[in-house]
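Asker: In the numbering used here, the protein residues as written are 137 to 529.
Sharing a structure, written as structure tokens. Questions coming.
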Amino acid sequence: VAINKMDKPTANPDKIKEQLTKYDLIPEEWGGDTICVPVSAVTKMNIDKLLEAILLVAEMKELKANPNRAAKGIVIEARLDKNRGPIATLLVQNGTLHSGDIIVAGTSVGRVRVMVDDKGRKVNEAGPSVPVEIMGLAEAPQAGDAFDAVSDERLARELVEQRKQKQKEEQFKSFEKVTLENLFSSLKEGELKELNIIVKADVQGSVEAVKQSLEKLSNEEVRVKIIHGGVGAINESDVMLANASNAIIVGFNVRPDPVAAQNAERDGVDIRCYRIIYDCIDEIQAAIKGMLAPKFREVQQGRAEVRQIVKISSVGNIAGCYVLSGKVTRNSKIRVVRDGVVITEDEISSLRRFKDDVKEVAQNFECGIGLAKFNDIKEGDIFEAFTIEEYRD
């Protein structure tokens, strides 16, 4: 274990060692077998000792790799990029990964199209202990998934389908629907002992952060169980899983796609979307304690697609939009969604039909929408129009 920031006057390595014991990592000087090295990335203090310790542990554990075999390793991070698609950061633990290799990572499969090292340089191969960022997977895998390079793409896809089917069989169970509103009453009546949650976020790191924070909310009455976590917009499969497993869907910086939103409303699946992790934690914690009493709710009005950007020097960018569903009103709030990821929320500064200011624009009509603060609008963005209304239970 490298204990960093030892150049700080408030550095307290003993406190860190004490915290490590909670995870069964007992320092050598306390009678355990965990090597702890105090270091400083700023002053380079004890970097030589850290390297020596790493080599010693590798020798003791007989950590060896064969660079001449097919690559295998682990997924460190994964995300969806608007322009480049799924991107995964891999750590090769054995063998050598080459550009063009077919790899299976968790339930994702693809061919390595581009490989970039930790300095941002394109490379054609990566050997043992080398981290690389790759493109070419069909979907973003999960952090912690193992990956393997294989020779037959058809067999790789069959393997992925088997894994997906196995996941569905393990996850799909029949329960009565639960929402945050009825959670506490279900707990009091003894009907619910476990709260199933599906987590979707814009990047894998956020998925893990939300999962860990939510799981810490478990208490004697209810266990918070994350049955699935993934990257990208909330989709139809997530709603199906939530419907079958009596789960609540939590979205962090992502939104449900139109089909998922429609199915969730039909099936009574509770979808909660957040942009601040503390809001998510506080709301679910309040629900568990029976204190959930929201006084405001979001009312969806309509969706519009940005099809053209008009630049006006005195005003900024105006979005030429086509209303896909519902309506957009002058007092609507606008949520800008790009590839299923929430970019921002803003007020409407102007709403026009041709040269006329209008109060609302209905479905299947075109209009020009100006936002009060956000100017980085792009063609293909989705504007979700909504209002906030006060209500009482």
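Cβ coordinates follow ideal geometry from the N, Cα and C atoms, glycine included.
Everything numeric in this text was worked out from a predicted model, so none of it was measured.
Indicate whether A274 and V245 have their beta-carbon atoms separated by less than 9 Å.
Answerer: The residue you call residue 274 lines up with position 138 of the sequence shown. The residue you call residue 245 lines up with position 109 of the sequence shown. Contact: yes.
Asker: Identify, in the order they occur along the chain, each residue of the same chain with its Cβ nearer than 8 Å to the Cβ of N148, setting aside the five sequence neighbours on each side.
Answerer: Reading the sequence shown from its first residue, position 12 is the one you call residue 148. Nothing listed; no residue qualifies.
Asker: Can you give the beta carbon distance from R408 to V478, rounded, assuming they're within the 8 Å contact cut?
Answerer: Along the sequence shown, one-based indexing puts residue 408 at 272. Along the sequence shown, one-based indexing puts residue 478 at 342. Actually they do not touch by this definition, with Cβ atoms about 13 Å apart.
Asker: What is the residue span of the beta strand (DSSP E) that R471 lies within?
Answerer: The residue labelled residue 471 in the question sits at position 335 within the sequence shown. Where R471 is concerned, the enclosing beta strand (DSSP E) stretches over 469-474.
Asker: Between A285, R433, Q499, which lies nearest to E261 when the distance is taken from Cα to Cα?
Answerer: As a position in the sequence shown, residue 261 is number 125, starting the count at 1. For the residues A285, R433, Q499, the minimum Cα distance to E261 belongs to A285.
Asker: Might you give, ordered along the chain, the residues of its own chain that have their beta carbon closer than 6 Å to the beta carbon of I384, omitting 5 neighbours on each side?
Answerer: Locating residue 384 in the sequence shown gives position 248, counting from the first residue. Same-chain partners within the cutoff: I333, D406.
Asker: What residues are listed by DSSP as bridge partners for N332?
Answerer: What you label residue 332 is simply residue 196 of the sequence shown in a count that begins at 1. Bridge partners of N332: K361, A383.
Asker: Give the straight-line distance between the Cα atoms of A224 and V266, rounded to the nearest whole angstrom.
Answerer: Looking up residue 224 in the sequence shown gives position 88. Looking up residue 266 in the sequence shown gives position 130. Going by the C-alpha atoms only, they are around 14 Å apart.
Asker: Using 10 angstroms around the beta-carbon of G404, count the other beta-carbons present and answer buried if the total reaches 16, otherwise exposed.
Answerer: The count along the sequence shown starts at 1 and reaches residue 404 at position 268. Exposed, by the Cβ-count rule.
Asker: Note the first and the last residue of the continuous beta strand (DSSP E) segment covering R489.
Answerer: Here residue 489 is taken as the residue at index 353 of the sequence shown, counted from 1. 477-489 is the span of the beta strand (DSSP E), which, as asked, contains R489.
Asker: Would you call the stretch 240-259 and the stretch 494-503 touching, i.e. three or more CB-CB distances under 8 Å?
Answerer: Counting Cβ pairs under 8 Å, fewer than three are found: no touch.
Asker: Determine the burial state of T232: buried for a count of at least 16 other Cβ atoms within 10 Å of its Cβ, exposed for fewer.
Answerer: Here residue 232 is taken as the residue at index 96 of the sequence shown, counted from 1. So T232 counts as buried.
Asker: Determine whether the beta carbon atoms of F510 and V464 lie at a separation below 9 Å.
Answerer: To locate residue 510, count along the sequence shown from 1; it is residue 374. To locate residue 464, count along the sequence shown from 1; it is residue 328. Not closer than 9 Å, so no.
Asker: If I follow the unbroken beta strand (DSSP E) through P392, where does it start and stop?
Answerer: Here residue 392 is taken as the residue at index 256 of the sequence shown, counted from 1. Careful: P392 lies outside any beta strand (DSSP E) and carries neither H nor E.
Asker: What distance in whole Å lies between the Cβ atoms of G236 and V248, which are believed to be in contact at a cut-off of 8 Å?
Answerer: Along the sequence shown, one-based indexing puts residue 248 at 112. Along the sequence shown, one-based indexing puts residue 236 at 100. Confirmed, Cβ separation roughly 6 Å.
Asker: Give every residue of the same chain whose Cβ lies closer than 6 Å to the Cβ of D338, excluding the five residues on either side of it in the sequence, and list them in chain order.
Answerer: By one-based count along the sequence shown, residue 338 stands at place 202. Correct list, in chain order: N389, V390, V477.
Asker: Nearest CA to the CA of N204: which residue from G366, G263, C457, L291?
Answerer: Counting from 1 along the sequence shown, the entry for residue 204 is found at position 68. Considering only alpha carbons, the answer is G263.
Asker: Which residue marks the beginning of the alpha helix (DSSP H) containing S235, and which one marks its end?
Answerer: Start at 1 with the first residue of the sequence shown, and residue 235 comes out as number 99. Per DSSP, S235 belongs to no alpha helix (DSSP H) and is neither H nor E.
Asker: Return the chain-ordered list of same chain residues with a C-beta closer than 8 Å to the C-beta of T170, the five sequence neighbours on each side being excluded.
Answerer: To locate residue 170, count along the sequence shown from 1; it is residue 34. Counting only Cβ-Cβ distances below 8 Å, and skipping sequence neighbours, we find V137, L156, L161, I162, P163, E164.
Asker: Would E330 and V360 be called neighbours here (beta carbons separated by less than 9 Å)?
Answerer: What you label residue 330 is simply residue 194 of the sequence shown in a count that begins at 1. What you label residue 360 is simply residue 224 of the sequence shown in a count that begins at 1. Cβ atoms of E330 and V360: closer than 9 Å.
Asker: What's the gap between the Cα of P198 and the Cα of I470?
Answerer: Here residue 198 corresponds to residue number 62 of the sequence shown, with the count starting at 1. Here residue 470 corresponds to residue number 334 of the sequence shown, with the count starting at 1. This sequence places Glu at residue 198; Pro is not what is there. The alpha-carbon atoms of E198 and I470 are separated by roughly 58 Å.
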